[in-house]
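A.B. asks: Counting in my numbering, the sequence shown runs from 1123 upward without gaps. Can you keep this structure in mind? I'll have questions shortly.
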Amino acid sequence: ASSSLDKQWYQRRVAITAGGRFRGKTVKNLTLSLLKSNRPYDDSNPDWVDMKNEFKQLDDYLVGCHNKEGDYLKSKKFSLWDLRMVPALYNLVTIAPHFKPGFEIPEDSPRLRSYLNHAFEDPIFKKYCPPLKKIIRYYEPKLGVRVVLPDDA
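Okay, structure coming up:
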């Protein structure tokens, strides 16, 4: 079962990493769609439904792959798989509250929540992760919004 799950995940990862795709949309575009939309983070928003499905599939993969909270995608160490997934999710998780409050990883994805908490604290990720202000400034022109941050005053 694990090898079948790995094969399915590998096929999804090839699609994700080759074109940066979540359900036919790039991670960046899905993030932008979610944040540009006037729709709330609920089932009336098709982008949110797509993202929730991706979260659930990743959560299921983490359960089947490791059966333990806090592990990385393919090993006990931060790997290339994580380097491709974590920054995209980090951008979404960290900037969403600044552009459109109310975003949270769904409660029905506890392994994903644990994985991201663990990954965001990894020394390698922390060393190379750009500051929040830089990420927000990157998204501002794409969303047509200027966010006033505490250090902007």
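Ideal Cβ positions, reconstructed from N, Cα and C, are used throughout, including at glycine. Bear in mind the structure is a predicted one, so any value in this text is a computation, not a measurement.
(1) Strictly under 8 angstroms for the Cβ-Cβ distance: is N1239 near chain C by that measure?
(2) May I ask which residues mark the beginning and end of the alpha helix (DSSP H) holding V1236?
(3) Does DSSP classify K1255 as helix, strand or coil?
(4) Take D1181 and list the residues in its own chain whose beta-carbon comes closer than 6 angstroms to its own, dropping the five residues that flank it on each side.
(5) Looking only at its own chain, which residues have a Cβ that is under 7 angstroms from the Cβ of L1211, when we skip the five neighbours before and after it?
(6) Let me confirm a value: N1175 is counted as buried when at least 16 other C-beta atoms fall within 10 Å, else exposed. Which label applies?
(7) Closest to E1229 by CA distance: which of K1178, L1184, P1263 is it?
(8) If we count the other Cβ atoms within 10 Å of its Cβ and call it buried at 16 or more, is D1273 buried or exposed?
C.D. replies: Taking the coordinates as given:
(1) This model lacks chain C altogether, as it is built from one protein chain only.
(2) Strictly speaking, residue 1236 in this sequence is Ser, with Val absent from that position. Its alpha helix (DSSP H) spans residues 1232 to 1242.
(3) Three-state result, K1255: helix.
(4) The residues are S1231, R1233, L1234.
(5) Around L1211: L1238.
(6) Exposed.
(7) Taking E1229 as reference, the option from K1178, L1184, P1263 with the minimal CA-CA separation is K1178.
(8) Counting Cβ neighbours within 10 Å, D1273 comes out exposed, since fewer than 16 surround it.
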